[in-house]
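Enquirer:
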Amino acid sequence: MQGAIAKHYECVVDEVALDRWIKKIEGAPLTAVDTETTGLDALAAELVGISLSVTPGEACYIPVAHRNGETQLSRELVLKRLKPWLESATQLKVGQNLKYDSHIFANYGIALQGIAFDTMLESYVLESHMPHNMDSLAERHLGMKTIRYEEVCGKGVHQIGFDQVDLKIATDYAAEDADITLRLHQVLWPQIQESPGLLYVYEHIEMPAMRVLGIMERNGIRIDSALLSKQGQEVGKRLLALEGEIHKLAGQPFNIQSPKQIAEILFGQLELPVIKKTPSGAPSTDEEVLQKLAEDYPLPARILDYRSLAKLMSTYIEKLPRMADPKTGRVHTSFSQATAVTGRLASSDPNLQNIPVRTEEGRRIREAFIPAEGCKLLSADYSQIELRIMAHIAEDANLLAAFAAGKDVHQATAAEIFGVPLESVTSEQRRYAKVINFGLIYGMSAFGLAGNLGIERSAAQNYIAKYFDRYPGVAQYMERTRQEARENGYVETVFGRRLWLPEIKGSNGPRRQGAERAAINAPMQGTAADLIKLAMIAVENWLEKEQLKTRMLLQVHDELVFDVPFDELELLQAKLPDLMCKVAELKVPLVVGIGIGDNWEEAH
């Protein structure tokens with residue numbers, strides 16, 4: 009915790025003060041920079057003001073577009089004067105979520121350079137399981153209560169834009185942001201430097217990935233709104249038909265979107281068994297309950313179909329065309345680096361990682377993602393990455409041998425478990441082996457496996473025992489990892505990212521077991537996340553070095569999606585697997601599959 013520091017915040021409204029601050033930042037080894045804007049959509053928001061700090065306790069706010077009649081410098085003048093410093097790679101900057109500020113400056117033709125540190129990413133690398141917003145960080149690390157945005161702009165319907173805030177209030181709030189950012193960096197950075205693993209993850213993965221994600225967000229991906237409209241009509245008809253079917257099965261009309269009415273029909277009228285209850289004691293109608301009931305009864309199955317179709321309709325079919333830029337027809341998702349505790353990226357507005365690819369309707373939505381004119385979409389996907397990482401970490405001889413020989417690992421596992429020659433493995437045996445392979449990666453118990461395969465628990469236990477008998481290295485890895493997690497409170501990826509498991513030492517049994525399962529999977533999921541980020545960085549650097557016109561558009565799980573001009577297709581097809589497989593040296597070969605098509609589904 010830091011002791012109280014005297015605060016001196018200045019509102020810069022004339023050129024003399026601006027000159028003084030430009031001299032200050034030009035002579036400083038590190039400057040905290042922050043922007044105030046009209047909104048959260050970084051590609052559409054307008055700049056309202058800039059705050060700077062070079063010394064703890066001392067900061068300024070430069071208003072440029074407040075609409076309350078107070079004297080201020082014009083946005084054009086301030087940006088023109090600050091542009092050389094903002095674009096200087098040698099003038100080092102620190103910020104809180106600088107990817108956002110970079111977009112804001114890019115909206116005015118300024119390429120922010122010299123990004124040395126980001127406090128949000130410092131916090132994420134240190135404690136991925138904690139909140140990373142500035143208010144939480146200030147309280148946790150500085151023992152300080154910051155001014156909240158709602159205190160300045162109000163809440164809900166009465167909230168005003170930051171451009172309507174009085175300059176005195178705006179200065180206290182905005183200058184504090186820059187000041188706190190600088191102070192947070194001084195507390196967080198030394199902690200990262202203490203661990204070579206964390207330092208590697210921060211300097212070689214997270215910071216370079218931030219730049220690449222910014223590029224991908226600006227690139228966006230083109231969508232075919234006419235196709236989505238056609239799909240909307242078809243799904244609308246299907247929803248109406250389903251509604252009729254559901255009402256017929258229920259014996260009466262009711263609101264399918266109402267959990268209360270569903271409960272009345274299923275448990276009151278049809279007297280189906282109650283699987284579990286809500287906290288208030290009412291019978292639950294959540295997805296898990298309906299899936300269980302759907303095994304024996306047609307109505308819950310139809311309700312599930314209706315729900316998933318209605319969700320597709322509202323989340324993607326209707327929403328995507330509204331989110332597309334009217335000039336370019338492209339949607340621009342936002343990639344969050346500091347959300348998932350495993351290091352995985354999160355995609356939002358629109359979320360392109362959750363399009364359900366197991367259903368035909370979900371796959372059809374991917375058909376609406378199309379290349380730019382004169383291009384094809386190319387998808388590059390790591391094959392069975394988490395299983396390969398498990399083989400690498402567990403160092404199991406049989407598993408390593410299967411991958412080294414280029415065998416189908418599910419087929420090889422089936423041969424081992426069922427004691428049959430590789431060529432005699434049936435498709436059903438391979439399916440069982442696949443469920444076991446992936447189930448064990450996620451720390452699945454015999455009970456979970458039995459449920460997944462629809463077999464007796466004793467049979468599932470027998471399969472697991474046989475698996476561990478054939479792959480003893482995996483069993484040892486699991487025991488070792490549980491032990492390490494209990495001792496340290498965290499596990500690590502191959503690259504040194506720490507994945508914290510606060511409940512592993514808790515007194516709540518189910519939560520502790522959940523943390524133990526997570527401990528087994530986290531190093532694999534986290535390492536896969538690290539690999540795809542390293543791949544994105546390597547590929548983007550290569551595209552820029554070769555001055556290619558190919559654009560990286562999306563990252564979804566273990567897949568990268570590109571807009572590739574026709575004349576660059578051959579080069580990309582040859583070069584991408586090589587680049588992506590060489591980002592790390594594992595004990596098993598990495599494999600990348602390439603798909604090309606006139607839409608995302610075709611390329612995938």
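In our numbering, the protein residues as written are 9 to 612.
Ideal placement from N, C-alpha and C gives every residue a C-beta, glycine not left out.
To the nearest angstrom, how far is the alpha carbon of Asn115 from that of Leu55?
Expert: 9 Å
Enquirer: The ligand PLP heavy atoms versus the CB of Arg372: any closer than 7 Å?
Expert: Ligands in the displayed structure: none, and consequently the ligand PLP is not present.
Enquirer: For the pair the region 500-514 and the region 525-535, tell me if three or more CB-CB distances fall below 8 Å.
Expert: Because the criterion of three Cβ pairs below 8 Å is met, the region 500-514 and the region 525-535 touch.
Enquirer: So which of Leu551, Leu594, Leu539 has the shortest CA-CA distance to Pro567?
Expert: The question names Pro, but residue 567 in the sequence shown is Glu. Of the listed residues, the one whose Cα sits closest to Glu567 is Leu539.
Enquirer: Is the region 80-94 in contact with the region 210-226, if contact means three or more CB pairs nearer than 8 Å?
Expert: The region 80-94 is not in contact with the region 210-226.
Enquirer: Just to check my reading of the structure: Tyr132 and Ala346 have Cβ atoms closer than 8 Å, yes? What is that Cβ distance to the nearest angstrom?
Expert: 4 Å
Enquirer: Do you know whose CA, among Thr43, Val339, Glu431, lies nearest Asp416's CA?
Expert: Glu431 is the residue among Thr43, Val339, Glu431 whose C-alpha sits nearest the C-alpha of Asp416.
Enquirer: In or out: Gln241 buried (at least 16 other Cβ within 10 Å) or exposed?
Expert: When all chains shown are included, Gln241 counts as exposed.
Enquirer: Taking the straight line between their C-alpha atoms, what separation do you get for Gln2 and Val349?
Expert: This structure does not reach residue 2, given that the chain is present from 9 up to 612, and the question cannot be answered.
Enquirer: Helix, strand or coil for Thr43 per DSSP?
Expert: strand
Enquirer: Could you tell me the distance, in whole angstroms, from the CA atom of Val102 to the CA atom of Gly456?
Expert: 47 Å
Enquirer: Does the pairing of the region 403-410 with the region 376-387 give three or more beta-carbon distances under 8 Å?
Expert: Using a Cβ-Cβ distance cut-off of 8 Å, the region 403-410 and the region 376-387 are not in contact, since fewer than three pairs of beta carbons, one from each stretch, lie closer than that value.
Enquirer: For the region 298-309 and the region 272-280, state whether three or more C-beta atom pairs, one from each stretch, are separated by less than 8 Å.
Expert: yes
Enquirer: Between the region 479-493 and the region 457-464, can you find at least three pairs of beta-carbon atoms closer than 8 Å?
Expert: no
Enquirer: Distance, Cα to Cα, Ile283 vs Arg371?
Expert: When rounded, the distance between both Cα atoms is 32 Å.
Enquirer: Taking all protein chains shown into account, do 16 or more other C-beta atoms lie within 10 angstroms of the C-beta of Met9, making it buried, or fewer, making it exposed?
Expert: Residue confidence for Met9 is low, a pLDDT of 46 falling below 50, so the modelled location carries little weight; the figure read from the coordinates is stated next. So Met9 counts as exposed.
Enquirer: Whose C-alpha, out of Tyr69, Gly205, Lys238, is nearest the C-alpha of Gln186?
Expert: First, the residue type needs correcting, since residue 186 is Ala and not Gln in the sequence shown. Nearest neighbour of Ala186 by Cα position, chosen from Tyr69, Gly205, Lys238, turns out to be Tyr69.
Enquirer: Between which residues of its own chain and Leu235 is the CB-CB distance below 6 Å, once the five residues before and five after are set aside?
Expert: Ala376
Enquirer: Suppose the cutoff is 7 Å on Cβ atoms and the five residues either side in sequence are ignored; what does the same chain contact list for Pro429 look like?
Expert: Ala423
Enquirer: Nearest-angstrom Cα distance between Ile373 and Leu248?
Expert: Taking the straight line joining both Cα atoms gives about 20 Å.
Enquirer: Since I believe Arg226 is in contact with Leu51 (beta carbons under 8 Å), could you give me their beta-carbon distance rounded to a whole number of angstroms?
Expert: 7 Å
Enquirer: Anyone know if the C-beta pair for Ala388 and Ile602 falls short of 8 Å?
Expert: yes
Enquirer: Under the three-state reduction of DSSP, which class applies to Glu464: helix, strand or coil?
Expert: coil
Enquirer: Classify Leu129: buried if its beta carbon has 16 or more other beta carbons within 10 angstroms, exposed otherwise.
Expert: buried
Enquirer: Which word fits Leu562, buried or exposed, when buried means at least 16 other C-beta atoms lie within 10 angstroms of its C-beta?
Expert: buried
Enquirer: With distance defined between alpha-carbon atoms, name the residue in Ile177, Leu106, Gly164, Arg191 nearest to Glu147.
Expert: Arg191
Enquirer: Hey, which unbroken runs of the alpha helix (DSSP H) at 4 residues or more fall wholly within the region 409-497?
Expert: 417-426, 435-449, 454-461, 465-478, 480-496
Enquirer: Reducing DSSP to helix, strand and coil, say where Met9 ends up.
Expert: Confidence in Met9 is poor, its pLDDT being 46 and thus under 50, which makes the residue's placement too unreliable to answer from.
Enquirer: With a threshold of 16 other CB atoms inside 10 Å of the CB of Ser237, please say whether the residue is buried or exposed.
Expert: exposed
Enquirer: Leaving out five residues on either side along the sequence, give the residues of the same chain with a beta carbon under 7 Å from the beta carbon of Gly162.
Expert: Hits under 7 Å: Ile168.
Enquirer: With a threshold of 16 other CB atoms inside 10 Å of the CB of Asp27, please say whether the residue is buried or exposed.
Expert: exposed
Enquirer: Measuring CA to CA, which of His140, Arg366, Ile393 is closest to Val599?
Expert: Closest by C-alpha distance to Val599, out of His140, Arg366, Ile393, is Ile393.
Enquirer: In three-state DSSP terms, what is Tyr181?
Expert: helix
Enquirer: Exposed or buried, what is His140 when buried is set at 16 or more other beta-carbons lying within 10 Å of its beta-carbon?
Expert: Per the 10 Å Cβ criterion, buried.
Enquirer: Rounded to whole angstroms, what's the CA-CA distance from Thr79 to Pro358? Just pull it up for me.
Expert: 39 Å
Enquirer: To the nearest angstrom, how far is it from the Cα of Leu448 to the Cα of Lys300?
Expert: 22 Å
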